[in-house]
Each structure stands twice: as C-alpha cells, then as structure tokens.
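Just so you know, the protein sequences line up as chains E and V, in that order. Residues in the first sequence are numbered from 1 upward in steps of one, following the working numbering. Residues in the second sequence are numbered from 1001 upward in steps of one, following the working numbering.
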Amino acid sequence: MWLIARKSLRQHALSTAVTVLSLALGSALVMAVFTLEEQSVQAFTGGPVGFDAVLGARGSQLQLVLNTVFHLETSPGNIPWSLYQEMKNDKRRVALAVPYAVGDNYRGYRIVGTTTEMFTEFEYRKGRKFELYEKGRVFDQSRRESVIGCNVARNTGLRVGSTFNAYHGVEYAEREKHPEEFVVVGILLPTNSPSDNVVWIPIEGIFRMQGHQLMGTGEVYKPEEGVEIPEPHKEVSAVMLKFRNPQDGFLLAQTINKQGKVATLAFPIAQVMADFFNKMGWIQKILRLVAVLVVVVAAASILASIYNTMNERRREFAILRALGARRATVSGVIVLEAGTIAFLGSLLGFLFYGVILSGAAFIVRRQTGVVVDIWAFHPSLWWTPLGVTLIGALAGLIPAFKAYSTDVATHLAPAT
Amino acid sequence: MALLVLENVVKSFRSPDGDRHTVLDIPGFSLKAGEQVALAGSSGSGKTTLLNVIAGILRPDSGKVIIDGTEVSALTESRRDRFRANNLGYVFQSFQLLQGHSALENVLLGMAFGGGADRRVAEELLRRLGMGERLHHLPRQLSIGQQQRVAVARALAHKPRLVLADEPTGNLDHANAGTAMELLCEACVAQGASLLVVSHDPQVLARFRRRVELSHLNHAGVAGVGR
C-alpha cells in the first residue's frame, strides 16, 4: 500500500506540496495560538514583577498595572506625594515603597523617574536585585543622570557617558523634545523583564523637566532651578509596593479601593492581569476558531486534491483489483495518502510553529520586555499533529469510497 | 485432472434501456492442469466477460466456476480477491501496466497481493524474460514488446496455477505478436501454469493445439456488450 501511495504522492508532487504547506500552516497556527495563549498568560501573570501592588490614581487597576509594571498604556493620573510618604512610613505593613513618575520617553522607551531604592532594595525576582555592567553606577538623585535597561542600550546605542534628551509623552515625537540633557551612568544587566526596556532617571529629573507642572496641592507649581520643591507640591504617577504579609495587601486594598476616593490599589498584580486575560477570553476563542478553521480548510484541500485525481486513477485501481487487491486495500491506499499528506504537514508545521513563535516572542519582548519561552511545552504540541493527521486521513474517506466503489470490469476495458 | 471447470455459467447485464442481455451461457467447459487453450471469438462475443467471470472479478448470475477444486463463484468478493491474488495470473489487452511504477515495481505489486513480494524472484523472472537492463524503467520508457514482457512477468511472478490472457497481442505488430505469444506460452510451461488465451487473431490461435470457438461454447443468443 505504501509503495502505491508514495508513488501517487510523487506523481502529483505539486498538489501534494501545496496541500502539505497549507496543512503545515494550519497545524502551526493551532499550536502557536494555544502555546502563545498559555505563554502570554504565564509571562504577564507569573513573570518577574517584584512588587505586590501598585498604588495610583483613582481608576482602572489594569491600566495602573500595565503602565507601571509592563510600561504600556498611559498613566491614569497622579497621586499626592503624601500618599507615597504614608506608604513609606507604614513600616509595619509595607516592606518597600518606591515612587514612579512617568510620562516621558526616549525614542519610544519609557522614562521612569524613581529613587535609588529601585537599585539598592528592589528585587525583581526573589533574591535578585538589578545589577549593572562593570563600568556603570547608580544615578545620583540630585543630578541629571540615568540608568538604562539593556534593551534600550542595545537598540538606541546609548552607552555609559552618552547623553540624551527626554521627549514628552509616551510616543516618540521629535517636536516634544525636553531641553534637559541626561547622562547615562549605568546600564542594567539583562533581567528578562519589562525593566530591560526602561530608562531610569531620578524622580526629581521628572519634576524639573521644562513644561512639567506639579499640582500636589491642587494648584499649579513650576519648579525653579536651584530651589527645593516643597513636598506638598510633589506628585507621583504611582507607588510600587512590597508588603511584609500578603494579608496586609488585602486589608489595604479594602481600605483604599472600597472606602477611599483618592487612589486605587492594584493588588495582587498577578490577579489583575489574570482578570484581564479572563476578560479577553473571547478573543482567544476567536483565534482558536480561526486556527481550527484553517486546519479544516486545509483538510478540505486534501479531499479536493485527491478527489480530483480519482478519475485518472480508476484504471489503476481496477488493475490493482484485477491483480488481487481487495476493495479495502485500494481504499486504504487513498486514506494512507491523505494521512501521509497530513502527517507531513504536521511535521512541517513544527517548523512554521517555530518561526511564528520566535517572531511573536521577539515582538512581545521588543514591545514589553516580557520573555515568552518558545521552548515551553504545551499539550497542543502533541495533540495538534495527531489531530491534523487524523482529520487529514478522515478527509481521504470520500475519495477512498470512490476508489472502493470502482467497477473493475468497466475500468479494465481498453480505452478506445 | 481438470484445473478449471465451468458448469452452466450464465452472466447477463442490464442495458441502459432496462432490459437484461445475456452475454454468457456456457453449459460446460474444462481445462486440465498445465494445458494451454485458445478461445476464439469475435469482438463483442463475451470473451473478456468470460475471463472476468473465471477470474472472480465478475460473479455469474448462475452456475459454477471451479478452479483447482475451489468453487470460486461461491466465494465472497474479498475471498475471490484473495483467491485471484494467490492462484491466477492475468495478462490484459494493452497490458495495463501501472504507469507510475517501474517494471520491477509492477511485478512486485503483482506478487504483493498474493504470497508476498519477493524482490529477488521478481528480478530473476524479469531477467529471464530479457528485461534485466530495464528493471527500473517506467512503462512509458519501454517498447511495446518490453511492456509485454513485464506484463507476462507480473502475471507469473507469484506462481499462479492458471494464467488468463485477454487479447495479449492486440496492440502488437505481426512480428512482436509471435514473439510475445511464444514468450507467454514458454513462461507458462516453465512455471507449470495452465494458460487460457482469448483472441480473435488467427496467428495467435494457430499456436494452440486446443482451440475452442467461443460461439460453440457460449449458448447466449445475443451478442455481448463487450464487458
């Protein structure tokens, strides 16, 4: 059977190749959709975040998390400096409180104004603090200095000693250039986290950028060169929090979110992201449906390509029958051909899958710094090839029935 | 002892207008083991239908087809297929070689449905038939005479008890027809197989000591439909 099937596939090499390619694409899409779905959920809910909660302006917890943890989206607004102080001084419950001031970028990379605690106290993964390349150091909070993530350094060419200007807003626009010049004093070693895409500067640097206004008291305050900014005027975009006990987070969330009116506490961060993915479940379902439909269409193309050859092959089947092949044997040849096409498609699908996943992982990492593990195993990596092969073989049943019902005597008659 | 026995074999077909036309009505016929017989008949006399009935490709409406003691006509289709694969060789008019397969593969396929493909045996048989240099050639790369040899090799490779040949020289010129028949007859003798050839070619018929006029054998009054 295999000899006959193999010969036929070779004889119809072009249609076989096209069908194998379409099945490979379908198979790859199904595997990629399922794997990427799981990988993105894992990366965005279980990745190296380092903080337990984000305190920010009243509004969406998701927006707060996206803006401060993943450096996406815009900030929902500012909160008074006093809230940061309150958290910082709550030593009983809060292990670490780090202020963030955002709203500027350098060539599309987010600039975050913060304190040196980010480099001395913060652990982005348990036991792992930010580390700098040998030549670098942490910025001085009173100078226009900067520490940049490794992706920023690689993609912008900034090195220790380089200077740059910030641009207002989260999207890069030449006309939004701030006049203040910052000097790079350190480059972070890779963390495989969103921090790799960040330009860190002293929070004072954000406060004092030309055009920035502080409204901590409700009134506009413009910082002046050489004059200390009174604390009541200061504002922060968010305060990143690490609790001593998770229970404290729940209590604080209850207090701030349910009873307060000024701020929002996004807690726990992983849960906020998990809720987001749950809400986006319908998109995932559509993607799955599209991927499965591609497989179905590809399987239909198996049916069409084999069915179209049936008329020319009826004589071949009649000869085989006359030589003693049973009906089941000739129809089995067709199912074997269809299954082989599908199996080859599944195998090639792994190659396409690798390309799709590598591309997606590259884009996700470039955009967010989040690392998608392209080698991670997902059950779809075994059930997709199996399912595709099975569906392909099933698609061969209709032409197989045609082969089964071939009338031997009629088709053995010499062509006239 | 008779290898092939036909008893009251009747086969009819329904025509497009709905009437049944009897193509075969053979009260009796037999063929001894090792015997070579030519059945003579004009076009449409039911020659091919008779071979198909004997081969078990078609089932008679009534009567018995007995080969080597087995009532083939009483077997189920799949058993007839198995019986044909093991016991019969078939040389078709225009040879009916599988176009995508080499000479050797055509012979191997002929063996595969019977006792099993044996590459060594297939190669040896093709060499004996003068095809040693053409084992891996496709049918379209072979001359008509060479295709004939492959068809004979395919029919004999699994050592059948009975070889059926349907107008085996129909596509050959005078010289090649003689050679082909000689080849077929000699190969059957060498293998110890009986041979039943149907033809309307006088040159072919002249080679056989026992010749049977199908019109004497077949009592069907109406001309067949060429099946």
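Built from N, CA and C at the ideal position, the CB exists for glycine as well. The structure displayed is predicted, hence computed values, not measured ones.
key: V/Gly1116 classed as buried or exposed, judged by whether at least 16 other C-beta atoms fall within 10 angstroms   = Exposed.
query = Where does E/Thr115 sit, in a helix, a strand or coil, going by DSSP?
reply = E/Thr115 falls in the coil class under three-state DSSP.
key: Cross-chain neighbours of V/Leu982 in chain E, by beta carbon under 7 Å   = Shown here, chain V extends from 1001 to 1227; a query on residue 982 of chain V therefore has no answer.
inquiry  = Any contact between the region 184-201 of chain E and the region 23-32 of chain E? By contact I mean 3 or more CB pairs, one from each, below 8 Å.
reply    = Contact between the region 184-201 of chain E and the region 23-32 of chain E is not established, with fewer than three Cβ pairs separated by less than 8 Å.
request  = Provide the residue span of the beta strand (DSSP E) that contains V/Ile1066, from first to last.
outcome  = The continuous beta strand (DSSP E) containing V/Ile1066 extends over residues Ser1062 to Ile1067.
ask   = Terminal residues of the continuous beta strand (DSSP E) containing E/Glu145?
value = It spans Glu145 to Ile148 - the beta strand (DSSP E) in which E/Glu145 sits, taken as one unbroken run.
message = For a contact defined as C-beta to C-beta under 9 Å, what are the partners of E/Gly354 on chain V?
response = Neighbours of E/Gly354 on chain V: none; closest Cβ ~34 Å, over 9 Å.
ask   = So which residues on chain E does V/Arg1119 lean against when the C-beta distance must stay under 9 Å?
value = Simply none; closest approach about 12 Å.
inquiry  = Can you give me the C-alpha to C-alpha distance between E/Leu188 and E/Glu180, rounded to a whole angstrom?
reply    = Answer to the nearest angstrom: the Cα atoms are 23 Å apart.
ask   = Under three-state DSSP, which class holds E/Phe350?
value = For E/Phe350, the three-state secondary structure derived from DSSP is helix.
ask   = For chain C, is any of its Cβ atoms less than 8 Å away from the one on V/Asn1052?
value = Absence of chain C from the displayed structure is noted, the protein chains being E and V.
ask   = Hey, is V/Gly1110's beta-carbon within less than 8 Å of any beta-carbon in chain E?
value = Yes, because at least one Cβ of chain E sits closer than 8 Å to the Cβ of V/Gly1110.
message = Looking at V/Ala1085: is its Cβ nearer than 8 Å to the Cβ of V/Ser1199?
response = No, the Cβ-Cβ distance between V/Ala1085 and V/Ser1199 is not below 8 Å.
Span separating the alpha-carbon of E/Gly392 from that of E/Ser301 = C-alpha separation (whole angstroms): 9 Å.
request  = Show which residues of chain E have a CB atom less than 9 Å away from the CB atom of V/Ala1085.
outcome  = Correct list: Leu323, Gly324, Ala325 and Arg326.
ask   = Nearest-angstrom Cα distance between E/Gly127 and E/Ala95?
value = Whole-angstrom Cα-Cα distance: 15 Å.
query = Looking only at DSSP bridge pairs, what is E/Met240 linked to?
reply = E/Val54 and E/Val98.
query = Where E/Arg327 and V/Ser1078 are concerned, what is the direct C-alpha to C-alpha distance, given to the nearest angstrom?
reply = So the two alpha carbons sit approximately 8 Å from each other.
ask   = E/Lys279 CB to nearest chain V CB: under 8 Å?
value = No, its Cβ sits nowhere closer than 8 Å to a Cβ of chain V.
request  = Would you mind stating whether E/Val20 and E/Leu344 have Cβ atoms separated by less than 8 Å?
outcome  = In this structure, E/Leu344 lies closer than 8 Å to E/Val20 by Cβ.
request  = Run the proximity test for E/Leu381: is its beta-carbon closer than 7 Å to any non-hydrogen atom belonging to the ligand COA?
outcome  = Absent from the structure shown: the ligand COA. Ligands present: none.
message = Please return the same chain residues whose Cβ sits closer than 6 Å to the Cβ of V/Gly1195, not counting the five positions on each side in sequence.
response = Position check: residue 1195 of chain V holds Leu in this sequence, whereas Gly was assumed. So the qualifying residues of the chain are Gln1036, Val1163 and Cys1188.
query = Near E/Ala5, what residues of its chain come up, given a Cβ to Cβ distance below 7 Å and the 5 sequence neighbours on each side ignored?
reply = The beta carbon of E/Ala5 sits closer than 7 Å to those of Val333, Leu336, Glu337 and Thr340, all from its chain and outside the five residues before and after it, given in chain order.
message = With a threshold of 8 Å, are at least 3 pairs of Cβ atoms found where one atom belongs to the region 85-100 of chain E and the other to the region 380-397 of chain E?
response = With the cut-off at 8 Å, the region 85-100 of chain E and the region 380-397 of chain E do not touch.
ask   = Do we get a CB-CB distance below 8 Å when we pair E/Val408 with the residues of chain V?
value = Yes, contact with chain V.
task = Tell me where the beta strand (DSSP E) around V/Asn1008 begins and ends.
result = In the DSSP assignment, V/Asn1008 falls within the beta strand (DSSP E) that extends over Ala1002 to Arg1014.
message = Would E/Leu9 pass as an interface residue toward chain V - the criterion being a Cβ-Cβ separation below 8 Å?
response = Using a Cβ-Cβ cut-off of 8 Å, E/Leu9 does not count as an interface residue toward chain V, since no Cβ of chain V sits closer than that to its own.
ask   = Taking Cβ positions only, does E/Leu3 come closer than 8 Å to chain V?
value = True, the Cβ-Cβ gap to chain V drops below 8 Å.
query = Can you list the residues of chain E that V/Ser1073 reaches, using a CB-CB cut of under 7 Å?
reply = Against V/Ser1073, chain E offers no close residue; the least beta-carbon distance is about 15 Å (beta-carbon pairs closer than 7 Å).
message = Using 8 Å for Cβ pairs, my map puts E/Gly216 next to E/Lys242. What's the rounded Cβ distance?
response = Wrong, their Cβ atoms sit about 24 Å apart, outside the cutoff.
ask   = Using a C-beta cutoff of 8 Å, does V/Arg1082 count as contacting chain E?
value = Interface criterion met: the Cβ of V/Arg1082 is under 8 Å from a Cβ in chain E.
DSSP-derived helix/strand/coil call for V/Gln1036 = In the structure shown, V/Gln1036 adopts extended strand secondary structure according to DSSP, grouped into three states.
ask   = From E/Ser142 to E/Arg58, what distance separates their C-alpha atoms?
value = Each residue's alpha carbon lies about 30 Å from the other.
inquiry  = Counting C-beta neighbours from all protein chains within 10 Å, is the total for V/Asp1201 16 or more, i.e. buried, or is it exposed?
reply    = The residue in question, V/Asp1201, is buried, as its Cβ has 16 or more Cβ neighbours within 10 Å.
message = Any beta carbon of chain V sitting closer than 8 Å to that of E/Pro399?
response = Output row for E/Pro399: interface = no.
C-beta neighbour in chain E for V/Phe1029, strict 8 Å = It does not: the Cβ of V/Phe1029 has no partner Cβ on chain E nearer than 8 Å.
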